[in-house]
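J.: For the sequence shown, the numbering used here assigns the number 608 to the last residue and increments by one with no breaks.
Input: one structure, supplied below.
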Amino acid sequence: MTTEKTQTKGLIFDIQRFSLHDGPGIRTVVFFKGCPLRCKWCANPESLTNKPQLFYSKKDCIGCQQCVRACPQSALSFGDDGVVIDRQACTLSFQCVGVCPSGALSQSGEWYTIDQVMDVVMKDLPFFKNSGGGITLSGGEALSQSAFAVALLKEAKARGLHTAVETSGYCAWEKLKSVLEYTDILLFDVKLINDAKHKEYIGVSNKRIQENLKKAVENGTPLVARIPVITSVNGDEQSITAFTERFKEAGVKNVDLLPFHQLGAAKYEMAGVPYTFQDEKPPTDALLKAIKKQMQDAGLHVSIGG
Numbered sequence: 303m304t305t306e307k308t309q310t311k312g313l314i315f316d317i318q319r320f321s322l323h324d325g326p327g328i329r330t331v332v333f334f335k336g337c338p339l340r341c342k343w344c345a346n347p348e349s350l351t352n353k354p355q356l357f358y359s360k361k362d363c364i365g366c367q368q369c370v371r372a373c374p375q376s377a378l379s380f381g382d383d384g385v386v387i388d389r390q391a392c393t394l395s396f397q398c399v400g401v402c403p404s405g406a407l408s409q410s411g412e413w414y415t416i417d418q419v420m421d422v423v424m425k426d427l428p429f430f431k432n433s434g435g436g437i438t439l440s441g442g443e444a445l446s447q448s449a450f451a452v453a454l455l456k457e458a459k460a461r462g463l464h465t466a467v468e469t470s471g472y473c474a475w476e477k478l479k480s481v482l483e484y485t486d487i488l489l490f491d492v493k494l495i496n497d498a499k500h501k502e503y504i505g506v507s508n509k510r511i512q513e514n515l516k517k518a519v520e521n522g523t524p525l526v527a528r529i530p531v532i533t534s535v536n537g538d539e540q541s542i543t544a545f546t547e548r549f550k551e552a553g554v555k556n557v558d559l560l561p562f563h564q565l566g567a568a569k570y571e572m573a574g575v576p577y578t579f580q581d582e583k584p585p586t587d588a589l590l591k592a593i594k595k596q597m598q599d600a601g602l603h604v605s606i607g608g
């Protein structure tokens, strides 16, 4: 029988099990593909587009050139630096992925039904029960596929799971509101308060984000504001004071400080996407502790690392 669970599909680029940093307890994180923001430091470049992508890992390539011969568009060639992908000519047939014996070529982003996602998630039910964990929707931006997000959360709640949603808040309020009925905790990312800097580093105004943050707090859903701490972008005293004041104004109680890292840098080359934050260093412990103290002194509950 055809149901919403088999008809509704979402484009997912990863389902990560045994996560400890995306909500309480042990969690399974479902990463949605597609994002309206363009954070210059994004750790998941594969999350940005709303269609599947071809990834190439040079270190895993054995030089067999089977992919070159398999490509129906002749979009692949082989040179001194390994496989060269003409991404303009590539039609994403992924026939090259099917013949690659080493896994050097891979597809990022696949269409899942609700049941297919839940089949993976429910494998960890004993861990959820023992740790107070559950399912977290992340991305990209989960609300860029809001209908699938709502359907997935609704099914998770029907199966008795704790639910969390990580969002940038950059969406119509109606979309954010639609998930809150089925969300136990909202992880609300806030990158910058200064609108001019937000446009410079994120690519959009933060006006909608700030409005949705306040509305989400007023809605009553438990909420944690999460700041990706990037020293050169928002680690200055003015930015931290702005965060603290805005959170107090909006009624935010809980804050997570998420230190910048370079763990996603290699994925930019694999996706054929330029990366401009390769020289940025992780924030020092001293800076993180100073930010934590300032916010705690203002009455906020603050943790480092999620």
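All residues carry an ideal CB built from backbone N, CA and C; glycine is no exception.
Helix, strand or coil: which one does DSSP assign to His323?
T.: In this structure, His323 counts as coil in the three-state DSSP scheme.
J.: Would you mind working out which of Asp421, Val481 and Ala600 sits nearest Ala518, comparing C-alpha positions?
T.: With distances taken between Cα atoms, Ala518 lies closest to Val481.
J.: With distances taken between CB atoms, is the gap from Ala372 to Ile387 smaller than 8 angstroms?
T.: The answer is no: Cβ separation not under 8 angstroms.
J.: With DSSP collapsed to three states, give me the class of Arg510.
T.: Helix, per DSSP.
J.: Residues in the same chain with beta-carbon distance under 6 angstroms from Asn556, minus the five sequence neighbours each way, listed in chain order, please.
T.: Excluding sequence neighbours, Asn556 sits near Val526 and His603.
J.: Put Ser440 into one of helix, strand or coil per three-state DSSP.
T.: In this structure, Ser440 counts as strand in the three-state DSSP scheme.
J.: Is Leu445 near Ala453, with beta carbons less than 8 angstroms apart?
T.: Against a cut-off of 8 angstroms, the Cβ pair of Ala453 and Leu445 comes out as no contact.
J.: Looking only at its chain, what residues have a beta carbon closer than 6 angstroms to the beta carbon of Leu350, apart from the 5 residues adjacent to it on each side?
T.: Answer for Leu350: Cys337, listed in chain order.
J.: Between Ser321 and the rest of its own chain, which residues show a CB-CB distance below 6 angstroms, the 5 nearest in sequence each way excluded?
T.: Result list for Ser321: Arg329 and Val331, in chain order.
J.: Mark Gly436 as exposed unless 16 or more other C-beta atoms lie within 10 angstroms of its C-beta, in which case mark it buried.
T.: Gly436 should be labelled buried.
J.: Step through the CB atoms of chain C and report whether any lies within less than 8 angstroms of the CB of Gly365.
T.: No chain C appears in the structure shown, which is made up of a single protein chain.
J.: According to the neighbour-count rule (16 or more other Cβ atoms, all chains shown, within 10 Å of its Cβ), is Leu565 buried or exposed?
T.: So Leu565 ends up on the exposed side.
J.: Which value, in whole angstroms, describes the spacing of the CA atoms of Leu313 and Thr533?
T.: Taking the straight line joining both Cα atoms gives about 33 angstroms.
J.: At what residues does the alpha helix (DSSP H) containing Tyr503 begin and finish?
T.: Segment Asp497 to Ile504, the alpha helix (DSSP H) holding Tyr503.
J.: Here's a check: name, in chain order, each residue in its chain whose Cβ is nearer than 7 angstroms to the Cβ of Gly505, leaving out the five neighbours to either side.
T.: Correct list, in chain order: Leu339 and Arg340.
J.: How is Pro428 classed by DSSP in three states: helix, strand or coil?
T.: DSSP places Pro428 in helix when its eight states are reduced to three.
J.: Using the three-state DSSP reduction, which class does Pro354 fall into: helix, strand or coil?
T.: Correct three-state label for Pro354: coil.
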